[in-house]
Each structure stands twice: as C-alpha cells, then as structure tokens.
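In my numbering, the protein residues as written are 59 to 222.
Heads up: the structure comes next, in structure tokens.
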C-alpha cells in the first residue's frame, strides 16, 4: 500500500466531496485515531495507520465508489433521499429511482449531486447521482427519473468476487 499522489488525492477528494462535502475532514480526523487513504492494486482503501492491512476498499480506477464505501459516507451525507417500500426492491436490483418511489428528500439538492439512498426506516441502501434537483423534482411527472443508480447493497450478492 502506498499513499495517494497529489493528482490521485485531488481526483479522489473531488469525488468524495460530491457526496459528503467538507465532511471529508471528519473521516481523516477521528477521535479514535488517525485515518488515511491508501492505494493498492488500483484501489483506494480507508484505514487507520495501525490497521492498514484490514482496510475497507472505497473505490478504484477513476474512483468509481464501491458499495463498501456506504458505511463511511452515510453519516456525513449532505443529500439524502428516502424510498417508499415498493421502490426499495427496484433500487436494490440496480434500477434508477423515479419520482413515484420517493418518500421524501433533503432540501437543497442540486442536479448531479451525490445522494445517499435510504429506506423509510433510515437504513442506507446505496448511493446515486441526482437527475433532478429538489425544486425541479417537485414539479416533475411521477415517472420522471430523480436519482441515477450508482451502487446498492444488492451488489454484495451480484458482484461478490469483484468487491474484494
């Protein structure tokens, strides 16, 4: 494992800030120790200095975020959307979210902003990119796309070999 180069760090932080904004600092400066991002075999891992071998994979390549990053992104999410029960299964099968499946959403979401997707019980299901902002979503047709799927918990089953 090696530290990220300046170019890799800039690219990675730009991707993370799309989901959690300035809360990236909270990932690195934790009360329970110093945490870092390290690169190994074209994948970025998030781990403490002490436990670099037990790290969780955050993303790889051009920093496409994996579902394994969900536990670290969800507490710091700036934009959130909650799904109705009937839309939950469709999202977990890898489909995009339409307006009729949205139970509620955070205020101030902008188009192309990273969104953490929750069920109505506040369990994080995955993440995606906003196809419409909050304002335009309120005026949209019930069949209009609201969130473009990026990753969901169903990937643990669909792609278990590729995640490790």
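In this text, a Cβ means the ideal position worked out from N, Cα and C, and glycines have one as well.
Remember, it's a predicted structure, so these values are computed and weren't measured experimentally.
Measuring alpha carbon to alpha carbon, tell me which residue in the options is nearest residue i.
| i | options | result |
| --- | --- | --- |
| residue 100 | 61, 183, 167 | 61 |
| residue 71 | 131, 59, 211 | 131 |
| residue 127 | 203, 109, 67, 95 | 95 |
| residue 169 | 189, 106, 103 | 189 |
| residue 210 | 197, 202, 177, 59 | 177 |
| residue 129 | 174, 143, 63, 139 | 174 |
| residue 142 | 108, 208, 135, 179 | 179 |
State the Cα-Cα distance for the pair residue i and residue j, rounded to the nearest angstrom.
| i | j | result |
| --- | --- | --- |
| residue 167 | residue 153 | 20 Å |
| residue 160 | residue 215 | 24 Å |
| residue 91 | residue 200 | 46 Å |
| residue 187 | residue 163 | 13 Å |
| residue 66 | residue 74 | 12 Å |
| residue 213 | residue 125 | 7 Å |
| residue 105 | residue 197 | 43 Å |
| residue 217 | residue 123 | 14 Å |
| residue 137 | residue 172 | 7 Å |
| residue 204 | residue 140 | 12 Å |
Go to residue i, then tell me how far its beta strand (DSSP E) extends in each direction, as first and last residue.
| i | result |
| --- | --- |
| residue 85 | That residue, residue 85, is in no beta strand (DSSP E); its alpha helix (DSSP H) goes 82-86. |
| residue 138 | 138-141 |
| residue 236 | For the chain, the structure presents residues 59 to 222; residue 236 sits outside this window and is missing. |
Considering residue i, what are the terminal residues of the alpha helix (DSSP H) in which it resides?
| i | result |
| --- | --- |
| residue 211 | From DSSP, residue 211 is part of no alpha helix (DSSP H); its letter is neither H nor E. |
| residue 128 | 128-131 |
| residue 77 | 64-78 |
Give a yes or no on whether 8 Å exceeds the smallest Cβ distance from residue i to chain D.
| i | result |
| --- | --- |
| residue 123 | Reference to chain D is not applicable here, since this structure consists of a single protein chain. |
- prompt: Can at least three beta-carbon pairs, one atom from the region 153-164 and one from the region 90-106, be found at a separation below 8 Å?
  reply: no
message: Any contact between the region 189-203 and the region 68-87? By contact I mean 3 or more CB pairs, one from each, below 8 Å.
response: The region 189-203 is not in contact with the region 68-87.
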